[in-house]
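Protein sequence lines correspond, in order, to chains F and R. Oh and the first sequence: position 159 is 159 in this note's numbering, straight run, nothing missing. Oh and the second sequence: position 29 is 291 in this note's numbering, straight run, nothing missing. Below you'll find the structure, written out as structure tokens, and then a few comments.
Protein chains: 2
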Amino acid sequence: MKIDPDSTADFSAQIAQAIRDAIVSGDLIVDQRLPSEAELADQFAVSRPTVREALKRLAAQSLIRTQRGATGGAFVNRLRFEEAYDQQVTTSTLLLSMNSVSFDVACEARYALERACGPLAAQRRTPDQLATMRAEIHRQSQPGLTDEAFCASDVTLHRALVDGAGNKVLSYQLAGAVEAMHPLMNMITFTARSRERIVALHTALADALEAQDAATVDQTLVELESYTRELAHSVVTARAHQKTKNDPNRRKRTEPKESRSA
Amino acid sequence: MKIDPDSTADFSAQIAQAIRDAIVSGDLIVDQRLPSEAELADQFAVSRPTVREALKRLAAQSLIRTQRGATGGAFVNRLRFEEAYDQQVTTSTLLLSMNSVSFDVACEARYALERACGPLAAQRRTPDQLATMRAEIHRQSQPGLTDEAFCASDVTLHRALVDGAGNKVLSYQLAGAVEAMHPLMNMITFTARSRERIVALHTALADALEAQDAATVDQTLVELESYTRELAHSVVTARAHQKTKNDPNRRKRTEPKESRSA
DNA sequence: AGACATTAATATGTAAGACAAATGAAAATT
DNA sequence: AATTTTCATTTGTCTTACATATTAATGTCT
Chain F
1 MKIDPDSTAD FSAQIAQAIR DAIVSGDLIV DQRLPSEAEL ADQFAVSRPT VREALKRLAA
61 QSLIRTQRGA TGGAFVNRLR FEEAYDQQVT TSTLLLSMNS VSFDVACEAR YALERACGPL
121 AAQRRTPDQL ATMRAEIHRQ SQPGLTDEAF CASDVTLHRA LVDGAGNKVL SYQLAGAVEA
181 MHPLMNMITF TARSRERIVA LHTALADALE AQDAATVDQT LVELESYTRE LAHSVVTARA
241 HQKTKNDPNR RKRTEPKESR SA
Chain R
263 MKIDPDSTAD FSAQIAQAIR DAIVSGDLIV DQRLPSEAEL ADQFAVSRPT VREALKRLAA
323 QSLIRTQRGA TGGAFVNRLR FEEAYDQQVT TSTLLLSMNS VSFDVACEAR YALERACGPL
383 AAQRRTPDQL ATMRAEIHRQ SQPGLTDEAF CASDVTLHRA LVDGAGNKVL SYQLAGAVEA
443 MHPLMNMITF TARSRERIVA LHTALADALE AQDAATVDQT LVELESYTRE LAHSVVTARA
503 HQKTKNDPNR RKRTEPKESR SA
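What follows is the structure, encoded as structure tokens:
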């Protein structure tokens, strides 16, 4: 496990990669203790701060954990589904916002993936998951609910559907797709009538799942996708009209430089 | 943007989180330059090495990039699909191996997701993607091919299918599912007869895609999944027999500790 | 002898200061 | 005007030091 002093990359990046490779290849196994920072510094012939930077890179990916004290050190971390979820959600969300992915593309991906879960969920959904869906549907029909809370409830319901497939890998892979839609959905204003329609579709979905009727689950998801996209389009066109009305000669967006919260 | 000196977490983790939040919330926008390390150290009232550890954490997630020199510094990085792919593949692979996910569960997830791409791919596949699939099918029918190369070709073919859906978000989400199967697939020994069968199914898949026949695409994927699982099962049972034959009184599996490839 | 407090050792966490190297901009020179 | 030189800025790295957490060993008292 060595580094190349001629490489253009930082030492800390190279060291991190070397350790990462050792973990991925199985050279370092879960819960195994890495050499102390001082020893690693010796081995790689760099200073301790440089080693620390490398270790922090790995910690950021949840590949290692550190512990202070006499028997402490850096240990290979067992990557858990929950941690992986969080990373996936953050990455997916940023990916969508930074590459200005359209609502349609994201929506298509999300529903294509959810429909993949449909047949499995119809087969395996637990009473618990059905109860979660019913509870969220009930919440969604409350009149005083904010748009944001409505969206959050929507995400919870859809995650229950995904979890219904009873496949942790599937749940993990879809976490990003479902959650990353959240910010995009938040731009929609849900009128009372549109909420009514969505609640009706959600109810149909829950009913079909309860009846283990895969075909209806799939059909309902198709309708839900189509209606969601319809809603988003009406928002976009409405906003476009408003913009040209309010500020027809607005400057082209170059550097907003908005104030940062302290 | 402050940190809590009473928190149990490291300063560097807190600072990283604060900056991460600023990026996710849109407070810091793409290509915006962060204050220099010295300024950040002042702002957060910590030393420069601590700030650097925080920045390296963010760099490990591709959230920032750094540049040396007079006009250098740390900049908010535009997260690209390609970088996100890689991270997803690493994370997914480790997730599967560290949580000893069964072949069946991973395989089910993979094919459920690929079938989600089927209808879209049947509609949108480009001549280029079809050509890639044909080329890989040809490679797979070469007699001298190692099992590892056969697997790698399989992955390429399946990625072409996924990309055929013409949805970058979908391609990104599925990268992990497809690639993470690679190590598991590598445990299978592909006999000449099984390769023949797989090549036939791959050909049927390519034909159906070319004919834009979504139903056949779906059916072929179902058959491919069933055959893959069948293959894996035969390998598992064969291995089990061999083990009991070689070492009938072996201890119950607690810590396999099998030989690791260098 | 056993329970408890003290001490020591080891590790990570943090700080401070210094120098090297890269890089772009300004200044000086041709 | 074009080119070269100088210089200021910023990250990358090293060294040393101390703070703090944690465990193990030691010692003391009952």
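Using N, Cα and C, we set each Cβ at its ideal position, and we do this for glycine too.
Check, Outcome
"Are any of the Cβ atoms in chain F nearer than 9 Å to that of Gly288/R?", "yes"
"Quick one: what does DSSP say Arg340/R is sitting in, helix, strand or coil?", "coil"
"Quick one: give me the first and last residue of the beta strand (DSSP E) that Ile64/F is part of.", "64-67"
"Give the straight-line distance between the Cα atoms of Lys514/R and Glu370/R, rounded to the nearest whole angstrom.", "In this prediction, Lys514/R has a pLDDT of 45, which is less than 50 and means its spatial position is unreliable; what the coordinates show is noted afterwards. The straight-line gap from Cα to Cα measures roughly 28 Å."
"Straight-line CA distance for Ala439/R to Ala332/R?", "43 Å"
"On the DSSP bridge assignment, give the partners of Gly144/F in chain order.", "Looking at the DSSP assignment, Gly144/F forms no beta bridge with any residue, so it has no partner."
"Between the Cα of Gln276/R and the Cα atoms of Ala414/R, Leu320/R, Ala300/R, which residue gives the shortest distance?", "Leu320/R"
"Any idea if Asp4/F is buried or exposed, counting beta-carbon neighbours within 10 angstroms, 16 or more meaning buried?", "exposed"
"Just checking my contact of Gln350/R with Ala437/R at CB under 8 Å: how many whole Å lie between their CB atoms?", "5 Å"
"One question on the structure: do Gly118/F and Val199/F come within less than 9 Å of each other, judged by their Cβ atoms?", "no"
"Threshold first: 4 residues or longer. Then list the alpha helix (DSSP H) segments lying entirely within the segment 170-233 of chain F, N to C.", "192-210"
"Give the straight-line distance between the Cα atoms of Leu407/R and Asp469/R, rounded to the nearest whole angstrom.", "23 Å"
"Starting from the C-beta of Ala284/R, find all residues in its chain whose C-beta is less than 7 Å away, skip the five residues before and the five after it, and write them out in chain order.", "Met263, Leu290"
"Does the beta-carbon of His202/F have 16 or more other beta-carbons within 10 angstroms, so that it is buried, or is it exposed?", "buried"
"Leu423/R: which of Ile399/R, Asp409/R, Ala411/R sits nearest, CA to CA?", "Ile399/R"
"Tell me whether the segment 335-343 of chain R and the segment 296-303 of chain R touch, counting them as touching only if at least three CB pairs, one residue from each stretch, are closer than 8 Å.", "yes"
"Thr453/R and Val497/R look like a contact to me (Cβ under 8 Å); what is the Cβ gap, rounded to whole Å?", "Actually they are not in contact, since the Cβ atoms of Thr453/R and Val497/R sit about 10 Å apart, beyond 8 Å."
"Taking the alpha-carbon positions, what's the Val330/F to Leu221/F distance?", "Given that chain F is displayed from residue 1 to residue 262, the structure contains no residue 330/F and the question cannot be resolved."
"Is Ala59/F close to chain R? Criterion is C-beta to C-beta, closer than 9 Å.", "yes"
"Return helix, strand or coil for Arg387/R, following the three-state DSSP convention.", "coil"
"Between Arg515/R and chain F, is any beta-carbon pair separated by less than 9 Å?", "The pLDDT assigned to Arg515/R is 42, lower than 50, so where the model puts this residue is not dependable, and the model offers no usable value."
"Compute the Euclidean distance between the alpha carbons of Ala442/R and Thr490/R, then round it to the nearest angstrom.", "15 Å"
"Going by DSSP, what residue range makes up the alpha helix (DSSP H) through Lys318/R?", "310-322"
"If you compare alpha carbons, which of Leu375/R, Glu345/R, Arg340/R, Thr352/R is closest to Asn99/F?", "Arg340/R"
"Does the Cβ-Cβ distance between Asn186/F and Val367/R come in under 9 Å?", "no"
"When the Cα atoms are used, what is the spatial distance from Phe273/R to Ala393/R?", "52 Å"
"Taking the CB atoms as reference points, tell me whether Phe343/R and Leu95/F lie closer together than 9 Å.", "yes"
"Taking the beta carbon of Asp390/R as the centre, do at least 16 other beta carbons fall within 10 Å, making it buried, or is it exposed?", "exposed"
"Opposite Gly335/R in the DSSP bridges: which residues?", "Gln329/R"
"What number of angstroms, rounded off, separates the C-alpha of Arg421/R from the C-alpha of Ser433/R?", "8 Å"
"Just tell me which of Leu224/F, Gln123/F, Ala135/F has its CA closest to the CA of Gln214/F.", "Residue 214/F is actually Ala in this sequence, not Gln. The shortest Cα separation from Ala214/F among Leu224/F, Gln123/F, Ala135/F belongs to Gln123/F."
"Using a Cβ-Cβ cutoff of less than 6 Å, which residues in the same chain neighbour Arg401/R once the five nearest sequence positions on both sides are dropped?", "Ser415"
"Does any C-beta atom of chain R lie closer than 9 Å to the C-beta of Ser97/F?", "yes"
"By the 9 Å beta-carbon criterion, what residues does the segment 134-168 of chain F contribute toward chain R?", "Ala165, Asn167, Lys168"
"I'd like the span of the alpha helix (DSSP H) that includes Ala280/R, first residue to last.", "273-286"
"Just to check my reading of the structure: Glu487/R and Tyr373/R have Cβ atoms closer than 8 Å, yes? What is that Cβ distance to the nearest angstrom?", "4 Å"
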